[in-house]
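A short write-up of the structure that comes next.
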Amino acid sequence: MKKCIVFISDSSDPKRVFETIRMSLGITLRGNKVKLVLSPDVSFDFLDEKMKGEVEEFISALKEMGGEFEVKNLEDIADDFLQYDSFILAI
Numbered sequence: 001m002k003k004c005i006v007f008i009s010d011s012s013d014p015k016r017v018f019e020t021i022r023m024s025l026g027i028t029l030r031g032n033k034v035k036l037v038l039s040p041d042v043s044f045d046f047l048d049e050k051m052k053g054e055v056e057e058f059i060s061a062l063k064e065m066g067g068e069f070e071v072k073n074l075e076d077i078a079d080d081f082l083q084y085d086s087f088i089l090a091i
């Protein structure tokens with residue numbers, strides 16, 4: 001099992017945010033541990049109700065499978081990178 005941290009910095013590209021969250025769940029489904037971190041600048045206001053529901057389901061499923069979800073700034077998780085095998089930054 002690999003450990004991966006995924007950080008999303010902003011919601012200027014709604015499709016990228018949605019796809020990155022979905023990708024995090026996919027990585028988890030393959031037996032890896034994912035820590036999904038959203039910057040406080042990320043807003044779900046751009047999503048319609050259907051997409052909001054899907055994102056909530058993705059995050060809930062990720063947590064149920066042992067993943068983590070947090071809202072923090074990049075500088076607040078800098079030390080966390082040393083504990084993970086890989087990282088994905090959606091900046």
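Residue numbers (the numbering used here): 1 to 91. Yeah, the Cβ is synthetic: ideal placement off N, Cα and C, and Gly gets one too. Treat the numbers as computed from the prediction; the structure is a model and nothing was measured.
Judged by DSSP in its simplified three-state form, V42 adopts coil rather than helix or strand. Its Cα nearest to that of P14, the residue V55 stands out among S86, V37, V55 and M1.
Closest in C-alpha terms to I8, from the list L29, P40 and T28, comes P40.
In summary, A61 is exposed, with fewer than 16 beta-carbon neighbours lying within 10 Å of its beta-carbon over all protein chains present.
The C-alpha of S43 is placed about 20 Å away from the C-alpha of I5. Going by beta carbons, E68 and K35 fall inside the 7 Å limit. Setting aside the 5 residues that flank it on each side, M1 is surrounded in the same chain by G31, N32 and K33, each with a C-beta closer than 8 Å to its C-beta; the list follows chain order. A residue is called buried when at least 16 other Cβ atoms come within 10 angstroms of its Cβ; S24 meets this threshold and is buried. When rounded, the separation of the alpha-carbon atoms in Y84 and E70 is 15 Å.
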